[in-house]
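Reviewing the structure listed below.
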Amino acid sequence: MKKTLSIALLLMVGAAFAASTMPTQTNIGTTSDVQSLTIYCWEGTASVIWDRFEIYYHKETGEMWGTWYRGEDEGGWIDGVGEWDPDVPRILGSGTFGGDDSGEWEGIFYPYSRCWGKVWNPDAIGDFYGRPCE
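Take a look at the structure:
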């Protein structure tokens, strides 16, 4: 009984550790029923509204989502769409954000490299800069 509980606990700890790590790109192998999935991630800072952010891009659907933070207690969600530019491997993204503050954003995102853009609402306009998630 103790051995079974120990094994179960070890499996739960291993699963929690695996779930807590997010690589810059995740590929799920292609099968006849599952399409290959590619997700890119960037993190960075902004000059206004967002102290820091994380933005994800799903290459196959063009969906962009993420989280922004301001200080210790404020933040919210990021939502948008990205268009893959095949001539220059980059994503042109735009969308909205909400939570403790709300507004819009647009930017240029390079896979495995940097990103930059604008973030704004009626009270402020600023820039954001980022790099691939670690």
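Under the working numbering, the first residue of the sequence shown carries the number -9, and numbering increases by one thereafter. Where a beta carbon is used, it is the ideal one built from N, C-alpha and C, also for glycine. The model shown is predicted, which means the values in this text are computed figures rather than measured ones.
A straight-line Cα-Cα distance of about 22 Å links Pro79 and Phe43.
Rounded to whole angstroms, the Cβ separation of Gly83 and Gly97 is 5 Å, and the two are in contact under 8 Å. DSSP places Val109 in the uninterrupted beta strand (DSSP E) bounded by Cys105 to Asn111. Between Pro76 and Tyr102, the C-beta gap is not smaller than 8 Å, which leaves the two residues out of contact.
For Gly97, the enclosing beta strand (DSSP E) stretches over residues Gly93 to Phe99.
Between the alpha carbons of Ile68 and Leu27 lies a distance of about 21 Å. Annotation for Gly70: Met54, Gly83, Ser84 and Gly85 place their beta carbon closer than 6 Å to its own, counting only its chain and skipping 5 residues before and after.
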